[in-house]
Amino acid sequence: KRKLDPEDEAPRKIHEIGHGQAVAAHYNELQEVGLEKRSQSRIFYLRNFNNWTKSVLIGEFIDRVRRKKSDITVLDLGCGKGGDLLKWKKGRIKKLVCTDIADISVQQCKQRYEDMKARCRYNEHIFDAEFIQADSTKDLLSSKYNVPHTCFDICSCQFVYHYSFETYEQADMMLKNACGNLSPGGYFIGTTPNSFELVKRLEASETNSFGNDVYSVKFEKKGEYPLFGCKYDFHLEEVVDVPEFLVYFPLLEQMAKKHGMKLVYKMTFREFYEEKIKNEEHKMLLRRMQALEVDLTVLFDSERNSALYGLILPVAQ
Ligand code: SAM
Numbered sequence: 002k003r004k005l006d007p008e009d010e011a012p013r014k015i016h017e018i019g020h021g022q023a024v025a026a027h028y029n030e031l032q033e034v035g036l037e038k039r040s041q042s043r044i045f046y047l048r049n050f051n052n053w054t055k056s057v058l059i060g061e062f063i064d065r066v067r068r069k070k071s072d073i074t075v076l077d078l079g080c081g082k083g084g085d086l087l088k089w090k091k092g093r094i095k096k097l098v099c100t101d102i103a104d105i106s107v108q109q110c111k112q113r114y115e116d117m118k119a120r121c122r123y124n125e126h127i128f129d130a131e132f133i134q135a136d137s138t139k140d141l142l143s144s145k146y147n148v149p150h151t152c153f154d155i156c157s158c159q160f161v162y163h164y165s166f167e168t169y170e171q172a173d174m175m176l177k178n179a180c181g182n183l184s185p186g187g188y189f190i191g192t193t194p195n196s197f198e199l200v201k202r203l204e205a206s207e208t209n210s211f212g213n214d215v216y217s218v219k220f221e222k223k224g225e226y227p228l229f230g231c232k233y234d235f236h237l238e239e240v241v242d243v244p245e246f247l248v249y250f251p252l253l254e255q256m257a258k259k260h261g262m263k264l265v266y267k268m269t270f271r272e273f274y275e276e277k278i279k280n281e282e283h284k285m286l287l288r289r290m291q292a293l294e295v296d297l298t299v300l301f302d303s304e305r306n307s308a309l310y311g312l313i314l315p316v317a318q
């Protein structure tokens, strides 16, 4: 585990350090586990299923861009330890900028990329990459770092955007970072917990929390859901135990309009699965990724039933 700064060891109030720092500290401390240990995990299939969903989503939007141009540049906002690097390699993109608030995760992501590059066979293609540690809800990437000269075709924000809904300013800054450097016709795609489902489950519960033996969600109270700062504690076995915020999707859509974006589509994971599984290639990928060995009804009922979205910056007229 990472050795904490002695100052960090004294319990400090959340308003002093901010939720962002707590989130970063949490992700920094997460251990990378090997394949063997991962396959014994109780959330093995769930992880694989989420990964399949991201693969199909990313592949779809790479295809959309590739119809217009061949050199594709991507911003991975909240890249974590680089769980999507292979997807970008498969998509044969030209350049990737990875950014995350957790410095250790960014280092691990960079290392993973270097290892991948070293394993490349002669003539095998791998994208160029840049790695930036930044709080995307507070730092403007284009002014603080060397991002302004880059025009992204895709900004991918996988399981991250909900951390920004602490305040309007933070949510708007993250949107600015996601959409502000997109080329005309570029896409902002992502996955985030489905707030409608979360509230529905909370309202159906007799207490302020719900879940099962693998995950739990705990709100401070029921019945009041402010647009920003509606915090809940999310716990998922082995992975996450952090404060998150409800994202009211119609509001995200409105805010994105301010940045010139238009909604392409928004779906729940279930709807996405039901549509994409009709395609033989996606079906085979689901098998290869070992995500089908679980009863999907159980999966959808036992997890947070995330939603995904794709927003497009329309081509300027
Ligand atoms: N996108 C990666 C993936 O799908 O594997 C990681 C997802 S992980 C659930 C959430 C990530 O969001 C963590 O790596 C965390 O550090 C990052 N994150 C949270 N708040 C952030 C912020 N304000 N700015 C940048 N990254 C943030």
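Under our numbering, the first residue of the sequence shown carries the number 2, and numbering increases by one thereafter. Cβ atoms here follow ideal geometry from the backbone N, Cα and C, with glycine treated the same way. Computed from a predicted model, the values in this text were never measured in an experiment.
Asked                                                                                                                                     : Found
To which residues of the same chain is residue 70 closer than 8 Å at the C-beta, ignoring the five residues directly before and after it? : 154
Assign residue 135 to one of three DSSP states: helix, strand, or coil.                                                                   : coil
Under 8 Å between the Cβ atoms of residue 264 and residue 254?                                                                            : yes
Output the boundary residues of the beta strand (DSSP E) element that contains residue 80.                                                : First-last for residue 80: undefined, no H or E at that position.
Quick one: what does DSSP say residue 184 is sitting in, helix, strand or coil?                                                           : strand
So, helix, strand or coil for residue 190, using DSSP?                                                                                    : strand
Taking buried to mean at least 16 other C-beta atoms within 10 Å of its own C-beta, is residue 119 buried or exposed?                     : exposed
Looking at the structure shown, is residue 296 part of a helix, part of a strand, or coil, going by DSSP?                                 : Caution applies to residue 296, whose pLDDT of 48 falls short of 50 and renders its modelled position unreliable; the value that the coordinates give is listed next. Here residue 296 sits in coil by DSSP.
How about residue 75: is its Cβ closer than 7 Å to a heavy atom in ligand 1?                                                              : no
Ignoring anything shorter than 3 residues or poking outside the stretch 233–282, list the beta strand (DSSP E) runs there in chain order. : 241–246, 263–269
What residue does the alpha helix (DSSP H) around residue 109 start on, and which one ends it?                                            : 104–120
Do you know how far the Cα of residue 228 is from the Cα of residue 97?                                                                   : 32 Å
Using the DSSP secondary-structure output, state which residues sit across from residue 155 in a beta bridge.                             : 75, 188
In three-state terms, what does DSSP make of residue 46?                                                                                  : helix
Excluding sequence positions up to five away, which residues of its chain have a Cβ less than 7 Å from the Cβ of residue 126?             : 93
Pull up the CB-CB distance for residue 188 and residue 45, whole angstroms please, since I reckon it's below 8 Å.                         : Contact flag wrong, Cβ pair sits at about 30 Å.
For residue 164, name the three-state secondary structure that DSSP assigns.                                                              : helix
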